[in-house]
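Here the protein sequences line up with chains C and X, keeping their order. Per my numbering: the first sequence = residues 1 to 236. Per my numbering: the second sequence = residues 1 to 236. Note that CB positions come from ideal geometry on N, CA and C, so glycine has one too. Since this is a predicted model, take the numbers as computed values, not measurements. See structure below.
Protein chains: 2
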Amino acid sequence: MKKKFEIPQCETCGSKHKSIFCDISKSEVSELSDSKGCNLYNKGQVVFHEGNRTNGIYCVNKGKIKLFQIGSEGKEQIIRFAKEGDIIGYRALLSDEPLSASATSLEEDTAICFIPKQQVLKMITENPNFNFKLLKILSHELGETAKIITDLAQKPVRERLAETLLILKDTFELDDEKNIQVKLSREELANIVGTATESVIRLLSEFKKDKLISLDGRTIKLLNIPALTRTANVFD
Amino acid sequence: MKKKFEIPQCETCGSKHKSIFCDISKSEVSELSDSKGCNLYNKGQVVFHEGNRTNGIYCVNKGKIKLFQIGSEGKEQIIRFAKEGDIIGYRALLSDEPLSASATSLEEDTAICFIPKQQVLKMITENPNFNFKLLKILSHELGETAKIITDLAQKPVRERLAETLLILKDTFELDDEKNIQVKLSREELANIVGTATESVIRLLSEFKKDKLISLDGRTIKLLNIPALTRTANVFD
DNA sequence: AAAAAAACATGATGAATGTCATGTTTTTTT
DNA sequence: AAAAAAACATGACATTCATCATGTTTTTTT
Numbered sequence: 001m002k003k004k005f006e007i008p009q010c011e012t013c014g015s016k017h018k019s020i021f022c023d024i025s026k027s028e029v030s031e032l033s034d035s036k037g038c039n040l041y042n043k044g045q046v047v048f049h050e051g052n053r054t055n056g057i058y059c060v061n062k063g064k065i066k067l068f069q070i071g072s073e074g075k076e077q078i079i080r081f082a083k084e085g086d087i088i089g090y091r092a093l094l095s096d097e098p099l100s101a102s103a104t105s106l107e108e109d110t111a112i113c114f115i116p117k118q119q120v121l122k123m124i125t126e127n128p129n130f131n132f133k134l135l136k137i138l139s140h141e142l143g144e145t146a147k148i149i150t151d152l153a154q155k156p157v158r159e160r161l162a163e164t165l166l167i168l169k170d171t172f173e174l175d176d177e178k179n180i181q182v183k184l185s186r187e188e189l190a191n192i193v194g195t196a197t198e199s200v201i202r203l204l205s206e207f208k209k210d211k212l213i214s215l216d217g218r219t220i221k222l223l224n225i226p227a228l229t230r231t232a233n234v235f236d
Numbered sequence: 001m002k003k004k005f006e007i008p009q010c011e012t013c014g015s016k017h018k019s020i021f022c023d024i025s026k027s028e029v030s031e032l033s034d035s036k037g038c039n040l041y042n043k044g045q046v047v048f049h050e051g052n053r054t055n056g057i058y059c060v061n062k063g064k065i066k067l068f069q070i071g072s073e074g075k076e077q078i079i080r081f082a083k084e085g086d087i088i089g090y091r092a093l094l095s096d097e098p099l100s101a102s103a104t105s106l107e108e109d110t111a112i113c114f115i116p117k118q119q120v121l122k123m124i125t126e127n128p129n130f131n132f133k134l135l136k137i138l139s140h141e142l143g144e145t146a147k148i149i150t151d152l153a154q155k156p157v158r159e160r161l162a163e164t165l166l167i168l169k170d171t172f173e174l175d176d177e178k179n180i181q182v183k184l185s186r187e188e189l190a191n192i193v194g195t196a197t198e199s200v201i202r203l204l205s206e207f208k209k210d211k212l213i214s215l216d217g218r219t220i221k222l223l224n225i226p227a228l229t230r231t232a233n234v235f236d
C-alpha cells in the first residue's frame, strides 16, 4: 500500500543543487517541474527493468538505488548505485537502446522523479551547460567502469572486496561513527565483487579479525581505512 | 624512421562517412581539416599514455588500436579496440580527467588525426547532430562495458574466451575465409579475457580440437560460429 | 507467539585456473 | 646466416575459490 506524499516540486527540490539540474534557469525549472512525474517506492521495488525501453530519465529525489544486470546463469551483477540527486536510465535513452540494467530501491520511501524524453532532449539542445554536464557524467562513468573491468580481471577476491568497501564509502559516505551509510546483504556484496556469498562472509570475518572493520548486522564500520586501502591494493 | 605520407584531408577522408563526422557541413569539414593534425604510427607505437592529460580527441584514419589500462601488478588489461573511423581519447577530454587508458597501434602505417579541444567543443555547441552522436557513442560504450563487467564477474575463462573471439569478429569482421581480421598475440588475448597466457593457449587448442576454430599463427578462423556462441553462453 | 523463511556462518571438498619449469618454434636483431 | 629474444606450447603442481552440507541466527509471516 503506497502512502500519500507531497509531490516534490523541482523549485524546492533539496537534491537539485547537487544534481545535473543545479544551474538551470528559473523558467527551465518550472518547465521541468510541470513535465515530470514522481513515484514512491518501498524497499526492493523495481524502478525499471533490464531489456525494456525507456521514454525518459529518472532522477532520484530520495533514497538509494542499485543497478544490476542478470547474468547468463540468472545471477545478479550489481553495476553501480545511485543516490539522491543522481539520474538513472539516461544511458538507454541517449543510446536509443533497451535498458542495460534493472534498478531497484534499497530503502523504504525512495522517491524518484521521471522526466520525459522530450523534455530531456529539449534541455540538451537548449542548455549547453546541461549538455556538457551530461557528457561529463557519461564519460566519468565510463572511466569508472573501465577501472572496474581491470580490477575484476586482475585482482583476487580479497582485494576486490576491500576495494568495494572503499567505493561504497566514497559513494554513500560514512556517518560520524565511520559506518558506511548503506545496508547491503552479504549476497549483494558478493554481487558487486563477483564472488560467492560464502566468500564474502568469510572475508568480512577476516577483515573484522584483522581490525580493518567491525560488523553489526549489515552495518559495516571502517576502523582502518589506510590498511583497507593497502588490502585493496589501490594507489591513487 | 617515419615515412613521408600524404596528410589526409577531411574532405577526402575515406573513413569520414562511417564516423561521427559523417554528416557535418562542408564548411565544418574544411574547418576541421585545417585545425586537425595527423600522425603515422608503426606497430606497437604509443598514441597516448594513461594518466596524461589530453587536449583534443584522436580519430583513427587507418589501422587498428588497442586501449588498455595497467593494473596494480603491472599487467595490461585491454579495455577496448578502435579502428578506422573511430574516435579515441574523447572520454578524458569530456570528463576533464586524465586519460584512463593508453592507446597503441596494432598495425604498421596506422594514421591518426588529432582534433584540438577547441574545435571539438565548437562542434558540440554548434552542431546538435554531432553532439547527439557523441552522446550516443558514450552511452553505447557504457552499455558495452557493463556487459563486460557482468561477464568477467560471472563467466568462467572458457566462456569468456569464446565470447572474446565473437566480439573480435563483430569489431574487426571476418575476411572471405572466415578469419578474424585482427592479429593478436596469445598474451593480448589473455589481457582481454582476464586470464593467464597459458590458459589462452590451452583453450585455443581445445577449441581447435573441437573444430570451433582453426589456427595459423595469430590468424584465427571461425569454423563454427553457432557452436562458439553456445560455448560463450550468450543468448542475444 | 509460533512457524516459516531468509540470511548468516563455518567446515569439508573439489574443480578451475594460475604459476612454475622446461622445451620448441618463430621472429627479430646483429 | 648466426645469435638472441620473443612467442608459443605442454606438463606438473599449487592455490584460490566455488560448491555442498549443515547448523545457527535473524527476520518475516501467519
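Spell out the partners DSSP gives residue i in its beta bridges.
i                      : result
residue 37 of chain X  : X:114
residue 78 of chain X  : X:68
residue 196 of chain X : Beta-bridge pairing links residue 196 of chain X to no other residue.
residue 105 of chain C : C:65
Give the DSSP-derived three-state secondary structure of residue i in the structure shown.
i                      : result
residue 182 of chain X : coil
residue 86 of chain X  : coil
residue 170 of chain X : helix
residue 248 of chain X : No answer is possible for residue 248 of chain X: the residues shown for chain X start at 1 and end at 236.
residue 212 of chain C : coil
residue 59 of chain X  : strand
residue 46 of chain X  : strand
residue 119 of chain X : helix
residue 154 of chain C : helix
residue 127 of chain X : coil
residue 24 of chain C  : coil
residue 99 of chain C  : coil
residue 132 of chain X : helix
residue 51 of chain C  : coil
residue 6 of chain C   : coil
residue 1 of chain X   : In this prediction, residue 1 of chain X scores a pLDDT of 37, lower than 50, which makes its location untrustworthy; the coordinate-derived value is nonetheless stated afterwards. Coil at residue 1 of chain X, not helix or strand.
residue 191 of chain X : helix
residue 73 of chain X  : coil
residue 143 of chain X : helix
residue 235 of chain C : coil
residue 177 of chain X : coil
residue 205 of chain C : helix
residue 30 of chain C  : helix
Which residues in the same chain as residue i place their Cβ atom closer than 8 Å to its Cβ, once the five residues preceding and following it in sequence are excluded?
i                      : result
residue 169 of chain X : 180, 222 and 225
residue 218 of chain X : 183, 184 and 185
residue 243 of chain X : In the structure displayed, chain X extends from 1 to 236; residue 243 of chain X sits before or after that span and is not available.
residue 203 of chain X : 157, 158 and 161
residue 228 of chain C : 162, 165, 166, 207, 212, 213 and 222
residue 65 of chain C  : 47, 81, 82, 83, 86, 88, 103, 104, 105, 106, 110 and 112
residue 177 of chain X : 221
Might you give, ordered along the chain, the residues of its own chain that have their beta carbon closer than 6 Å to the beta carbon of residue i, omitting 5 neighbours on each side?
i                      : result
residue 173 of chain C : 181
residue 9 of chain C   : 33
residue 49 of chain C  : 102
Apart from the five residues just before and just after residue i, which ones in its own chain have a Cβ nearer than 7 Å to its Cβ?
i                      : result
residue 85 of chain X  : 15, 18, 19 and 60
residue 11 of chain C  : 29, 30 and 33
residue 51 of chain C  : 98 and 99
residue 76 of chain C  : 68, 70 and 191
residue 2 of chain X   : Interpretation of residue 2 of chain X is limited by its pLDDT of 42, a score under 50 that renders its predicted location unreliable; the figure taken from the coordinates is listed afterwards. The residues are 40.
residue 211 of chain X : 223 and 224
residue 91 of chain X  : 100
residue 53 of chain C  : 98
residue 148 of chain C : none
When the Cβ atoms of the region 10 to 26 of chain C are set against those of the region 67 to 74 of chain C, are three or more pairs found closer than 8 Å? Segments in contact, no.
Can you pull out the residues from the region 129 to 147 of chain C whose beta carbon lies closer than 8 Å to at least one beta carbon of chain X? When CB distances to chain X are screened at a threshold of 8 Å, the residues of the region 129 to 147 of chain C falling below it are 131, 132, 134, 135, 136, 138, 139, 140, 141, 142, 143, 145, 146 and 147, in chain order.
Can at least three beta-carbon pairs, one atom from the region 93 to 110 of chain C and one from the region 40 to 49 of chain C, be found at a separation below 8 Å? The region 93 to 110 of chain C is in contact with the region 40 to 49 of chain C.
The region 47 to 77 of chain C: positions lying closer than 7 Å to chain X by Cβ: Taking 7 Å as the Cβ-Cβ cut-off against chain X, the residues of the region 47 to 77 of chain C that qualify are 69, 71, 72, 73, 75 and 77.
Give the residues from the region 98 to 109 of chain X that approach chain C closer than 7 Å (Cβ to any Cβ), ordered along the chain. Against chain C - using a Cβ distance shorter than 7 Å - the residues of the region 98 to 109 of chain X are 100 and 101.
Residues within the region 220 to 233 of chain C neighbouring chain X, beta-carbon criterion of under 7 Å: Within the region 220 to 233 of chain C, the residues whose Cβ lies closer than 7 Å to some Cβ of chain X are 233, listed in chain order.
For the region 12 to 26 of chain X, which residues have a CB atom closer than 7 Å to at least one CB atom of chain C, in sequence order? Under the 7 Å Cβ criterion, the region 12 to 26 of chain X contributes no residue.
Contact list for the region 167 to 198 of chain C against chain X, Cβ threshold 9 Å: Under the 9 Å Cβ criterion, the region 167 to 198 of chain C contributes 191, 192, 193, 194 and 195.
Selection of the region 85 to 96 of chain C by Cβ proximity to chain X, strictly under 9 Å: Within the region 85 to 96 of chain C, the residues whose Cβ lies closer than 9 Å to some Cβ of chain X are 90, 91, 92, 93, 94, 95 and 96, listed in chain order.
Could you please tell me which residues of the region 150 to 164 of chain C, in chain order, have their CB closer than 9 Å to any CB of chain X? If the cut-off is 9 Å between Cβ atoms, the region 150 to 164 of chain C has 150, 151, 152, 153, 154, 155 and 159 near chain X.
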